[in-house]
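Numbering (my numbering), first residue to last: 2 to 275.
The structure appears below as structure tokens.
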């Protein structure tokens, strides 16, 4: 109602499957025509609903720009909370020879690119996580690639802290896993699009925490791994951890509470929160 303050926090590109990369997300039982019709209705509803909040927050600049492009609405940005403290407690400067990727094995994560690239590179790769792509990826993989399936939070922390690098091939709206890896002192090899550009410091930084590859394909990822190996001495575990700690749960709590308090003051002081 008009006398209530409505704040919306966007944790992702809202209903992104209705707009972008539809082939990367699971489909229902609707036929092509019915699916198109249904998604058209969803987009109309989303366009209307997006204008209802008094204030909208995005979880990254990437999401904020996308939301403005779709709905012409300016949003504020508050990065989400990440349990970097847990991974920081499992920090290690000692690294082993394997590369690591962690996440759901679904098409949009592009784990297939990682498997194909490491098939060619031959370096040891550990894949932690489960999903609908598991069996297909196992059939593709050569012996240098290991699949561990679902792992507990502590098991992931133990894997992450000793990895030579964490490989991230998806275009994510924010991306929690690369920050968890950095908190462990582990550098990142990431596709240079999406939230990763806001959470990882590339080689041009004075304190880099990873490298980016520009093309989301096998050749691009191979180039990214080779660039990392040629420049790994420039990336320190401590720089990785320090960068990750900027996204702590405590930081989020303080920033969000301050934001809400400010909006409440503005809203009930003028009846409009702009």
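Built from N, CA and C at the ideal position, the CB exists for glycine as well.
This structure is a prediction, so every number in the text was calculated from the model and none was measured.
* **Beta-carbon contacts of residue 131 that lie in its chain and below 8 Å, excluding the five residues immediately before and after** => 105, 106, 150 and 151
* CB contact check: residue 221 to chain B, cutoff 9 Å -> The chain labelled as chain B is not found in the depicted structure, where only one protein chain is given.
* Less than 8 Å between the CB atoms is what I'm expecting for residue 1 and residue 60, so what's the real figure, rounded? => For residue 1 there is no data in the structure shown, the boundaries of the chain being 2 and 275.
* To do: Could you check what DSSP says for residue 185 in three-state terms: helix, strand or coil?
  => coil
* In the structure shown, what three-state DSSP assignment does residue 56 receive? -> strand
* Asked: From residue 99 to residue 126, what does the alpha carbon distance come to, in whole angstroms?
  -> 6 Å
* Using the C-alpha atoms, what's the distance from residue 13 back to residue 179? -> 16 Å
* Are the region 116 to 126 and the region 81 to 89 touching by the rule of at least three beta carbon pairs closer than 8 Å? -> no
* From the DSSP output, in three-state form, read off residue 26 for me. => At residue 26, the pLDDT of 47 sits below 50, so the modelled position is not reliable; the number obtained from the coordinates is stated separately. The answer is coil: DSSP assigns residue 26 none of H, G, I, E or B.
* Short check: CB of residue 210 to CB of residue 236, under 9 Å? -> yes
* Decide yes or no for the touch test of the region 198 to 208 against the region 136 to 146: beta carbon pairs closer than 8 Å, at least 3 of them. => no
* Rounded separation between residue 26 and residue 196 - CA only -> Reliability of the predicted coordinates at residue 26 is poor, the pLDDT of 47 falling under 50, and the value obtained from them is presented with this limitation in mind. Rounded to the nearest angstrom, the two C-alpha atoms are 19 Å apart.
* Give the C-beta separation of residue 162 and residue 93 to the nearest angstrom, bearing in mind that I take them to be a contact with Cβ-Cβ under 8 Å. => 4 Å
* Asked: Among residues of its own chain, excluding the 5 on either side of residue 262, which ones have a beta-carbon nearer than 6 Å to its beta-carbon?
  -> none
* Under the three-state DSSP convention, the category residue 203 falls into -> coil
* Asked: How would you write the range of the beta strand (DSSP E) that residue 128 sits in, first residue to last?
  -> 126 to 129
* Report back the beta-carbon spacing between residue 212 and residue 232 to the nearest angstrom; my notes put them in contact at under 8 Å. => 7 Å
* Asked: Applying the criterion that 16 or more other CB atoms from any shown protein chain within 10 Å of the CB defines a buried residue, is residue 52 buried or exposed?
  -> exposed
* To do: Report buried or exposed for residue 269, applying the criterion of at least 16 other Cβ atoms within 10 angstroms of its Cβ.
  => exposed
* **Proximal residues to residue 62 (C-beta, below 7 Å), its chain only, five neighbours per side dropped** => 78 and 199
* Cut-off 7 Å between Cβ atoms - residues of its own chain near residue 257, not counting five sequence neighbours on either side -> 79
* **residue 185 versus residue 155 - alpha carbon distance** => 12 Å
* In this structure, does DSSP put residue 98 in helix, strand or coil? -> coil
* DSSP bridge partner residues for residue 10 (one or two, in chain order) -> 58
* Asked: Rounded C-beta distance between residue 229 and residue 221? I'm assuming under 8 Å.
  -> About 13 Å separates the two Cβ atoms, so there is no contact after all.
* To do: Determine the closest residue to residue 96 out of 133, 110 and 238, with distance taken between C-alpha atoms.
  => 238
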